[in-house]
Amino acid sequence: MTTEPKVNPQIPPDDPTSLLPKKLVRSRPLFDPEIVRKATAASFAKLNPITLLKNPVMFVVEAGAAITTIFLIRDLFTGGGNISFQVQISLWLWFTVLFANFAEAMAEARGKAQADALRKTKTDVIAKRLNGNGKVEEVSGALLRIGDVVICDAKDLIPGDGEVIEGVATVDESVITGESAPVIRESGGDRSAVTGGTRVLSDQIKIKITSNPGETFLDRMIALVEGAQRQKTPNEIALNILIAGLTLIFLLAVITLQPYSVFSVAQAGSGTIPTVAVLVSLLVCLIPTTIGGLLSAIGIAGMDRVMQHNVLAMSGKAVEAAGDVNSLLLDKTGTITLGNRQAVEFLTINGVKDEELADAAQLSSLADETPEGRSVVVLAKEKYGLRGRHIPEHEATFIPFSAYTRMSGVDFEGRQLRKGATDAIITFVMERGGEVPGNFKDMSDRISRSGGTPLAVADGKRLLGVIHLKDIVKGGMKERIAQLRRMGIRSIMITGDNPLTAAAIAAEAGVDDFLAQATPKDKLEYIKKEQAAGRLVAMTGDGTNDAPALAQADVGLAMNTGTTAAKEAGNMVDLDSNPTKLIEVVAIGKQLLITRGALTTFSIANDVAKYFAIIPAMFMTMYPVLGKLNIMKLHTPQSAVLAAVIFNALIIIALVPLALRGVKYRPVDAASLLRRNLLIYGVGGILAPFPGIWLIDQLLVALRLA
C-alpha cells in the first residue's frame, strides 16, 4: 500500500493551517529581525536609478527627491529659500522611496530566507553508479548525468532526481516536504519519481537519473523561491502601465503649473509662485505612490504564501491565474473521495463458483500496480485463502493496467484472464464471441447506484462476475464544494468510473458536473472545451497520463509524488502531494488579486485628502477663495504641504503588513467582494487621510517644524 502524506487530524480539513509545512518552508514572523535587517540594507541598494527604472512611479519620486536636494544645496550656499522646509521635504521624499524599497525588499528577503534553508539541504552525495558492464562504481553525485543508473540502499541519500526502475523502498522526504511520515517509492505506476537529497529508509531501489547537476528539482525550487527571476504577471503589467500613465499625466500637469503661476502673479500683481519643493510635493502626492510602492511586494508575497502552503509555483502568473479560475477539475479518487478504493466482495454470475472468480480476479490483478488492483489480490487471499502466485514471465504474458485500456490481465496456459471496467471487459468478451448474461448489468448497476465501482472479470469469452470496489467521500467535501460555488467556480469531478457510479459520488459530493470513464484524451478535450467557452481551468494530476491535461490547464497542480512528466507539465508542484490543496491554491490566488485591487482602490482614494491639503496651500495667496477648500483647517501652507508629504510616506510603511499578509479572503461571490472592497478600501481610503494629515499638521506646529 502507498503511504499517503498525512495532515494533522486535529485540524479540520478545510482549515488552510492544516496544510502548512512543518519544517522546511515554515512561516517566519512577518518582521523577523534578521529579515528586517537584510531588507533595510537592500532598501538603500535599491536606490540605484537603474534598478528603480523598473518602477516608473518610484523612479519619478526619486527624481523629485534628487531635484529638491539639489535646490536645497544651492540655497544652502546662496542663503535663499526656506531651508528648514526644504530639508524636511527632501528627507521625506527620500523616505518615501526607501519605504517603497523596504516593502519590496521585505517580500524578497522572506523568499531568500526560504532559499537559504533549501540550500542547506544540498549535499555532495557519493553515488553508486552502474557502469556499462553492470558493475557498481562510486562517483560524486555532481558527475551524474541524465540516463545514468544508480543503486540506493537503506540509509543512502538519493544523489539526484530520477525514476525508480526496479524495486520498492520507503523514502524520507522531510527535507523537501517537511513531512515526517515516510513514503513509498516503487517502479511502475505514478509513484516512481524520487528527488535528490531525500533518503532511502529501507530496502533497495534502482534509479534512472532524469536531471543534470544544477537542473534538479531542488535547484529550481531555490531559484523560484528566491524570486530573483520573478516575471511580472499580465495583470501586474497592465496595472503598472495604468499607474505609469497616470504619473505621466500628473507630471505634465504639474510642469505647466510653474509658468501658469508666474503668469497669474504677474497679472494679479500679488501672490506667491510655488517653489520647486512645493511643486515636487504636489506631484508626489498626486501620483499613485502607495500602490506604486507596494505593487511588486504584493506579487512576491503572493508566491511566498503559496510556498508557505508547501506548493512550488513555477511563476507568479500561475498564482494569479489561480485567482481567476472559473472551472476546477478534481479527480474523484484521492481528492473528492478518500482514495485507494478497496475490493470488498466478489459477485458471481451464471453458476460460477466463488473460488473460480476469486482465482481469476487475483491472477488478472498481478500486473495491476494500482491500490485497487492490490486490494483484489489481498481480498482473494483473505476471503478464500488464495495466495499470490509467482508465474514465470516466459510462461505467461502480463498485461499491466492502463488508463487507455482500463483493464489488466494475464495470458497463460491458453487462458486470457482480464479484469477491468465493465464496458471494457464487455467489449473484450464480445470481440471473442462471448455473450453478456442478463443479470450482469443489473448487478453492476446496483453497485454503481450505491456509490461503489464494479469491475468485471472474464476468462476469454466467459464473463465470470463482478468485483465490488468501495469508496467514501471525504468529510467536509460537500461544504468545500459549496464554498467554491459561492466563489463563482464550477467544480467538475473527473473519474474513470462508469456514469452511474460517477453520478452517485457526484451527487453525494455536490459537484456541479462530472466526466465519467475519462481517458487522458477526454480530460484534455474537456479542458479545451471549457477554455473555448472563455473559462480558466485548474486541475490536479500525478501520472504521466495526466501530463497533457496539466500542460493545457491554466493552473496545473502536479503532485510531488507523481511522475517527472507530470511535474514538468504542471506550473505548480504540491510538495505534500495533497490533491485537495488545489482549493487552497485558488483561495491564495484570489487573495492576491483582492489584495492588489484593495490597495489600488485605497491608493487612488486617499489622494483626495491630499488635494484638500496641498492645492489650497499652493494657491490660496493667489486665489483667496480656495481657502474654503482648507476643510482640515491646516495651520500654514508649509505645514499643509509637509503633512501631506509625510502622510504619503508613512502610509506606505503602514500598509506593508497588509501587502505581505494579504487582505483576508472570504469565499463569497464577486459582487459581494466588490461592495466590501469599495466600502472598506474606497470609502476608508477617502476618510482615513483627513485625520492623519490633520494630526501630522498639529504635531508639526507643536514641534515648531513648520
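For the sequence shown, the numbering used here gives the first residue as 11, with consecutive numbering after it.
For every residue, glycine included, the Cβ atom is placed at its ideal position computed from N, Cα and C.
Residue environment: Tyr270 is assigned as exposed (fewer than 16 neighbouring CB atoms within 10 Å of its CB, all protein chains considered).
A straight-line Cα-Cα distance of about 58 Å links Thr550 and Leu644. Residue pairing by DSSP places Met582 opposite Ala323, Leu567 in a beta bridge.
Looking at Ile136, Glu441, Val107, the one whose alpha-carbon comes closest to that of Leu304 is Val107. Of the residues Pro699, Met642, Thr79, Ala608, the one whose Cα lies closest to the Cα of Ile656 is Pro699.
In the structure shown, Ile504 falls within a strand segment according to DSSP collapsed to helix, strand and coil. Restricting attention to Asn508, Val210, Gly419, Ala468, the CA atom closest to the CA of Ser460 is found in Asn508. Here DSSP, grouped into helix, strand and coil, assigns Pro464 to strand. Counting other Cβ atoms within 10 Å of its Cβ, Gly443 stays below 16 and is therefore classed as exposed. By the Cβ-count criterion, Arg496 is exposed, with fewer than 16 other Cβ atoms from all chains shown falling within 10 Å of its own Cβ.
Under DSSP, Glu176 shares a beta bridge with Lys216. Between the stretch 471 to 481 and the stretch 498 to 505, the count of C-beta pairs closer than 8 Å stays below three; the two stretches do not touch. In this chain, the alpha helix (DSSP H) harbouring Asp85 covers 66 to 88. Between the stretch 312 to 329 and the stretch 529 to 536, the count of Cβ pairs shorter than 8 Å is below three; the stretches do not touch. In this chain, Met497 is not harboured by any alpha helix (DSSP H), its DSSP state being neither H nor E.
In this structure, Ser458 lies near Leu510, with their beta-carbon atoms less than 7 Å apart.
Here Ile168 is buried, its C-beta having at least 16 other C-beta atoms within 10 Å.
Nearest in C-alpha terms to Ile598, of all of Val329, Lys638, Asn616, is Val329. Taking Gly695 as the centre and dropping the five residues before and after it, the same chain places the C-beta of Thr611, Phe612, Ala615, Asn616 closer than 7 Å to its C-beta, in chain order.
Fewer than three Cβ pairs drawn from the stretch 50 to 60 and the stretch 286 to 306 lie within less than 8 Å of each other, which leaves the two stretches out of contact. Note on geometry: alpha-carbon atoms of Ala512 and Phe524 lie some 7 Å from one another. The stretch 422 to 451 contains, as complete alpha helix (DSSP H) runs of 4+ residues, the segments 432 to 441 (chain order). Burial state of Asp378 is buried, judged by a 10 Å Cβ sphere holding 16 or more other Cβ atoms.
Linking Leu534 to Ile661 through their CA atoms gives a straight-line distance of about 48 Å.
Comparing C-alpha distances from Val70 to each of Pro59, Thr79, Ile80 shows the shortest one belongs to Pro59. The C-alpha of Glu114 lies about 6 Å from the C-alpha of Ser306. The DSSP-derived three-state label of Gly255 is helix. Sequence-distant Cβ neighbours of Val159 in its own chain, meaning closer than 8 Å and more than five residues away, are Arg139, Leu140, Ile175, Lys216, Ile217, Lys218, Ile219. DSSP, reduced to helix, strand and coil, places Ser418 within a strand of the structure shown.
Under the DSSP assignment, Met317 falls in the alpha helix (DSSP H) whose first and last residues are 299 to 318. Residue environment analysis places Ile641 among the exposed positions, since fewer than 16 neighbouring C-beta atoms fall within 10 angstroms of its C-beta. Within 10 angstroms of the beta-carbon of Pro626 lie 16 or more other beta-carbons, which makes it buried. The DSSP-derived three-state label of Gly551 is strand.
Secondary structure at Ala51: helix, using DSSP grouped into helix, strand and coil. Closest in C-alpha terms to Ser325, from the list Leu465, Val583, Ala276, comes Val583.
In this structure, Gly206 lies away from Thr180, with their beta-carbon atoms at least 7 Å apart.
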